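Visitor: Below is one structure. I have some questions about it.
Below, the structure written as structure tokens:
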């Protein structure tokens, strides 16, 4: 109940490992209609953009990839701080470390908000 109140005006995306909630949108398990397939595709594409952004942050700040033993509230602050520092690094032409996996060209040295937007079909 606390989570539903905390995210009352928000929508989070999750994969099929999570149950669908008012605040957590997950894929349709067994889509039967075109609309359900369209929803699953849009949900997957959006989630992939976020996963790629997380990968970029983890590459720039390995502590995020290795895990930190901190409170949930502190973790949120750490992720926001890492995002801000990443965008400052981009503005200062500080390139990312070499990727462990191939990253789409649109994400190379792009501020996080712009990178996620440009991965969405029809969003500029």
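In the working numbering, the protein residues as written are 117 to 240.
All residues carry an ideal CB built from backbone N, CA and C; glycine is no exception.
Since we're looking at a predicted model, the values are computed, not measured.
#1: Report the partner residues of residue 129 according to the DSSP bridge assignment.
#2: When the Cα of residue 141 is compared with those of 157, 149, 205, which residue comes out closest?
#3: Check this for me: beta carbons of residue 129 and residue 176, under 8 Å apart or not?
#4: Grab me the residues of residue 237's own chain with a C-beta within less than 6 Å of its C-beta, minus the 5 sequence neighbours each way, in chain order.
#5: Taking all protein chains shown into account, decide if residue 232 is buried (16 or more other Cβ within 10 angstroms of its Cβ) or exposed.
#6: Since residue 126 and residue 134 should fall inside the 8 Å C-beta cutoff, what is the C-beta to C-beta distance between them, to a whole number of angstroms?
Guide: Quick look at the numbers:
#1: In the DSSP secondary-structure assignment, residue 129 is bridged to 141.
#2: The shortest C-alpha separation from residue 141 is found at 157.
#3: Contact check for residue 129 against residue 176 fails: the beta carbons are separated by 8 Å or more.
#4: At residue 237 the pLDDT is 41, less than 50, meaning the model places this residue with poor confidence and gives no usable figure here.
#5: Confidence at residue 232 is low in this model, with a pLDDT of 43, below 50, so its placement is unreliable and the value that follows should be read with caution. With 16 or more Cβ atoms within 10 Å of its Cβ, residue 232 is classed as buried.
#6: Taking C-beta atoms under 8 Å as the contact rule, residue 126 and residue 134 fail to qualify, at a distance of about 15 Å.
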